[in-house]
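A quick write-up on the structure given underneath.
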Amino acid sequence: MRPIPYGLWKSPISEQAVAQRGRINTLKWGSDNRLYFSGNRGGNSFLYEYRCDSGLKKLNGDLPVGGNIGYGGGDFDVRNEKVLFSAGKRGLFLQNLNKPAFKLLTNDRYMTASPVISPNGRFVAYISGDGTDDQIALLRLDERSWPFLWVHGADFYMQPAWSPRGDYFTWVEWNHPDMPWDGSKVMIGKIDPENGTISEIVHIAGKMPFPASQPKFSPDGKMLSYIRSNGEWEDLILRNLESGEEKILVHGDHFALTVPAFAQGVQTYDWFPDSRQIAFLQIFGTRSKICIVSVESGEIRILNSPQYSSFDVISVSPETGMIAAVADSPLQPTQIILVNDDGFKIVFRLSDDLIDEEYISKPREISWEAPDGTPVYGIFYPPTNPDAHWVGLPPAFVHIHGGPTGKADLRFNPEIQFFTSRGFGYLEVNYRGSCGYGTGYLKSLYGNWGVYDVEDAVLGASCLSALRLADRNRLLIIGGSAGGFTVLNTLIQYPDSFKAAACLYGVTDLFGLAINTHKLELHYTDSLVGPLPEAAPLYEERSPIRHVEKIKTPLAIFQGDADPVVIPSQSNELAARLKCPHVYRLYKEEGHGFRRPETITDYLSTLYSFATQYLL
């Protein structure tokens with residue numbers, strides 16, 4: 008092991024390897040015990056079928072796959088040898104699994120997501136939107152026809168589902184100015200299976216401040232299940248469809264059952280085919296577990312999976328009861344696994360490039376105290392490389408996640424490993440406002456965005472110093488979107504707290520965000536800052552662009568020119584008005600978050616060069 012200064016270590020983790028990163032969006036079982044899943048990696052989307060006897064088969068050919076309402080998700084449905092998927096701007100496509108051809112179902116250029124095929128195969132219902140109005144549309148599959156407006160009147164829809172006999176249909180809806188985790192409602196309607204007519208629509212559960220989500224019918228068609236807030240956490244509810252009687256099957260106490268629905272297709276629980284058990288995720292902070300609950304007794308057992316720290320999507324086979332899940336570990340990229348009491352089987356890895364574990368930084372969970380006494384949580388990754396070492400404390404990155412109603416989990420992040428293997432520490436801050444720690448923690452940021460998140464970032468940096476994990480005089484703060492907003496406000500309010508900074512597609516102007524962002528978050532600042540015009544002084548006070556002259560810290564800015572969430576003019580104006588040392592990269596054809604390998608490669612190369620210039 009050679010003595011080489013921190014930040015200059017030679018790493019086997021290249022920019023190109025990180026550029027192949029991706030994610031899994033949707034996971035569902037089909038017939039004959041076939042598993043289907045969609046996602047993207049290396050800038051390309053995919054839809055795969057997995058069979059135990061023959062392995063993986065890509066289904067989408069050259070077509071893109073992905074719902075394109077809001078932040079996407081809700082990519083496809085599968086039933087009776089048919090896969091129906093959203094191809095983004097190109098519309099909905101149907102593929103008969105016994106034939107290679109694709110059938111275009113819609114070409115109206117409306118955005119689409121979350122298609123669900125009726126049990127009799129005659130209809131597909133899906134979320135449709137034009138960026139202003141959303142609705143649930145219905146399309147006949149058994150004859151040539153146009154989609155027609157089926158359910159409308161609310162601002163937003165998600166998580167549609169048919170009952171097993173096709174005689175009921177359920178969905179979630181909510182309205183401005185709420186976000187879905189504030190006031191979403193579960194609805195149900197009576198369906199005529201022959202002509203698709205919907206009637207007797209009833210509001211089942213959910214309202215401000217007790218939102219409800221993820222409605223599902225039991226396989227025997229007797230019950231409707233859903234997740235509902237109990238104030239601080241969440242409960243899994245069963246409702247008898249005949250009597251209307253409700254019971255709490257799982258009471259959330261110091262664990263959550265779902266995650267904020269920024270995207271369509273959230274699925275954190277599923278029924279077993281005998282209607283006697285439900286598999287669900289128990290979530291707290293950076294970790295989650297797969298649990299099984301008995302519908303009759305309420306007894307809960309946890310499936311042993313020490314290799315994994317967190318799970319996302321979960322799906323149960325309607326034939327065998329096998330559980331499929333998207334699983335994560337800090338030591339290896341995202342995987343899709345099949346799991347039961349006997350163990351687990353890996354069926355897909357998001358990355359084929361396996362990194363020697365000696366180069367992978369093992370995380371350490373830390374916490375510190377906010378000014379109001381609230382504990383704040385973080386994950387620290389120390390510099391790690393078996394081929395090099397150095398004395399003293401290392402330089403480090405302090406990362407602020409987006410959302411701001413998001414969080415950092417214990418999972419493998421190739422970008423973090425890119426920097427830790429080169430000799431940098433890396434802290435992820437789950438500031439007040441992060442999800443997974445209870446409603447009180449999440450909503451503590453309401454009215455305090457630009458204050459609490461900034462305080463927690465600065466105190467997190469001080470915590471690194473107090474624990475002797477990093478050099479307090481060699482820290483770079485970095486964040487994207489809402490995290491970029493925090494970065495900029497930190498530089499303004501605490502100008503000497505960081506040696507350098509990086510802002511990715513960050514919010515610079517709250518007034519502009521409230522007017523020009525996409526529909527989903529158009530009123531998000533009503534909660535985070537306050538409604539306009541009453542809160543205009545706070546918007547002025549917390550908008551970084553109004554105080555840009557106070558930014559003295561060297562700053563790297565990265566922005567996509569096709570970003571619909573934080574439009575490019577926000578970063579353009581910031582870069583034009585800065586007087587401090589800075590670099591600016593505006594990437595063509597990139598949206599909110601970078602996907603193209605050439606973009607990610609340039610971003611990492613630029614950021615690494617910037618960090619070595621100012622931290623070493």
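Count along the sequence shown from 1, then add 7; that gives the number in the working numbering.
Ideal Cβ placement from N, Cα and C applies to all residues, glycine included.
Owing to the predicted nature of the structure, the values given are computational and were not obtained by experimental measurement.
Are the segment 408 to 416 and the segment 197 to 214 touching, with three or more C-beta to C-beta distances below 8 Å?
-> no
Do residue 276 and residue 223 have their C-beta atoms closer together than 9 Å?
-> In the sequence shown, the residue the question calls residue 276 occupies position 269. In the sequence shown, the residue the question calls residue 223 occupies position 216. Yes, these two residues count as a Cβ contact at 9 Å.
Continuous beta strand (DSSP E) stretch holding residue 492: start and end | Numbered from 1 along the sequence shown, position 485 holds the residue referred to as residue 492. Where residue 492 is concerned, there is no enclosing beta strand (DSSP E), although the alpha helix (DSSP H) it sits in stretches over 489 to 500.
For residue 374, does the three-state DSSP call read helix, strand or coil?
-> Within the sequence shown, the letter at position 367 stands for residue 374. Three-state result, residue 374: strand.
Hey, does residue 11 have any beta-carbon neighbour from chain D nearer than 9 Å?
-> Checking the listed chains, one finds no chain D in this structure; it contains a single protein chain.
Nearest residue (CA-CA) to residue 98, options 107, 117 and 82 = Residue mapping note: residue 98 aligns to position 91 of the sequence shown, counting from 1. Selected option, being the one with the closest Cα: 117.
What is the DSSP secondary structure of residue 81, counted as helix, strand or coil?
-> Taking the sequence shown and counting its residues from 1, the one referred to as residue 81 is at position 74. Coil.
Which residue or residues does DSSP assign as beta-bridge partners of residue 625?
-> Residue 625 is absent from the model: the chain starts at 8 and stops at 623.
Which residue spans inside the segment 410 to 479 form an unbroken alpha helix (DSSP H) run of at least 4?
-> 421 to 427, 446 to 450 and 459 to 473
Give the range of the beta strand (DSSP E) segment to which residue 397 is assigned.
-> Taking the first residue of the sequence shown as position 1, residue 397 is located at position 390. No beta strand (DSSP E) holds residue 397; DSSP gives it neither H nor E.
Going by the beta-carbon positions, is the gap between residue 378 and residue 389 smaller than 9 Å?
-> Within the sequence shown, residue 378 is the residue found at index 371, counting from 1. Within the sequence shown, residue 389 is the residue found at index 382, counting from 1. No, they are not a contact pair.
Three or more C-beta pairs below 8 Å linking the segment 519 to 534 and the segment 496 to 506 = no
Classify residue 153 as buried or exposed, calling it buried when 16 or more other Cβ atoms lie within 10 Å of its own Cβ.
-> Taking the sequence shown and counting its residues from 1, one reaches residue 153 at position 146. With fewer than 16 Cβ atoms within 10 Å of its Cβ, residue 153 is classed as exposed.
Beta-carbon proximity of residue 468 to residue 434, cut-off 9 Å | In the sequence shown, the residue the question calls residue 468 occupies position 461. In the sequence shown, the residue the question calls residue 434 occupies position 427. Yes, the Cβ-Cβ distance between residue 468 and residue 434 is below 9 Å.
Does the segment 174 to 185 touch the segment 213 to 233, meaning 3 or more C-beta pairs lie closer than 8 Å?
-> yes
Cβ-Cβ distance between residue 348 and residue 16 below 9 Å | Working through the sequence shown from its first residue, we reach residue 348 at position 341. Working through the sequence shown from its first residue, we reach residue 16 at position 9. No. Outside cutoff.
For residue 572, which of helix, strand or coil comes out of DSSP?
-> Here the question's residue 572 lines up with position 565 in the sequence shown. It is coil, neither helix nor strand.
Should residue 71 and residue 125 be called a contact, given that it needs their Cβ atoms to be closer than 9 Å?
-> Against the sequence shown, residue 71 aligns to sequence position 64. Against the sequence shown, residue 125 aligns to sequence position 118. It is not a contact, given that the beta carbons lie outside the stated cut-off.
Buried/exposed call for residue 612, threshold 16 Cβ in 10 Å = The residue you call residue 612 lines up with position 605 of the sequence shown. Exposed, since its Cβ has fewer than 16 Cβ neighbours within 10 Å.
According to DSSP, residues forming a beta bridge with residue 118 | Counting from 1 along the sequence shown, the entry for residue 118 is found at position 111. Paired residues: 136.
Which whole-angstrom value is the C-beta distance of residue 430 and residue 387, which I expect to be below 8 Å?
-> For this step, residue 430 is matched to residue 423 along the sequence shown. For this step, residue 387 is matched to residue 380 along the sequence shown. Wrong, their Cβ atoms sit about 15 Å apart, outside the cutoff.
Determine the DSSP secondary structure at residue 221, reduced to helix, strand or coil.
-> One-based indexing of the sequence shown puts residue 221 at position 214. Residue state, collapsed to three classes: strand.
From residue 282 to residue 302, what distance separates their C-alpha atoms?
-> Within the sequence shown, numbered from 1, the residue matching residue 282 stands at position 275. Within the sequence shown, numbered from 1, the residue matching residue 302 stands at position 295. Taking the straight line from one Cα to the other gives about 8 Å.
contact_flag[the segment 327 to 341, the segment 299 to 316] where n(CB pairs < 8 Å) is 3 or more | yes
Would the beta-carbon of residue 27 fall within 9 Å of that of residue 360?
-> Within the sequence shown, the letter at position 20 stands for residue 27. Within the sequence shown, the letter at position 353 stands for residue 360. Against a cut-off of 9 Å, the Cβ pair of residue 360 and residue 27 comes out as a contact.
With C-beta atoms as the reference, is residue 264 less than 9 Å away from residue 287?
-> In the sequence shown, the residue the question calls residue 264 occupies position 257. In the sequence shown, the residue the question calls residue 287 occupies position 280. Yes. Within cutoff.
Classification of residue 351 by the beta-carbon crowding that lies within 10 angstroms, buried from 16 upward | Counting from one through the sequence shown, the residue named residue 351 turns up at place 344. Buried, because 16 or more other Cβ atoms sit within 10 Å of the Cβ of residue 351.
Per-residue DSSP class, three states only, for residue 141 = Here residue 141 refers to the residue found at position 134 of the sequence shown. Strand, per DSSP.
Only counting runs of 3 or more residues, tell me where the beta strand (DSSP E) segments fall wholly within the segment 13 to 96, in order along the chain.
-> 29 to 36, 42 to 48, 51 to 58, 62 to 65, 83 to 86 and 89 to 93
Contact between the segment 403 to 413 and the segment 452 to 462: three or more CB pairs below 8 Å?
-> yes
Taking the alpha-carbon positions, what's the residue 589 to residue 502 distance?
-> Indexing the sequence shown from 1 puts residue 589 at position 582. Indexing the sequence shown from 1 puts residue 502 at position 495. Rounded to the nearest angstrom, the two C-alpha atoms are 15 Å apart.
Per DSSP, which residues does residue 529 bridge with? Please list them.
-> Counted from its first residue, the sequence shown places residue 529 at position 522. Note: residue 529 sits in no beta bridge, so no partner.
Three or more C-beta pairs below 8 Å linking the segment 510 to 524 and the segment 547 to 555 | yes
By Cβ distance, which residues of its chain are closer than 6 Å to residue 565, with the 5 residues on each side in sequence left out?
-> Locating residue 565 in the sequence shown gives position 558, counting from the first residue. Correct list, in chain order: 511, 592 and 610.
Are residue 167 and residue 132 close, meaning C-beta to C-beta below 9 Å?
-> Counting from one through the sequence shown, the residue named residue 167 turns up at place 160. Counting from one through the sequence shown, the residue named residue 132 turns up at place 125. Yes. Within cutoff.
Could you spell out the range, first to last residue, of the alpha helix (DSSP H) harbouring residue 618?
-> Stepping through the sequence shown from its first residue, residue 618 is reached at position 611. From DSSP, the alpha helix (DSSP H) with residue 618 extends over 604 to 622.
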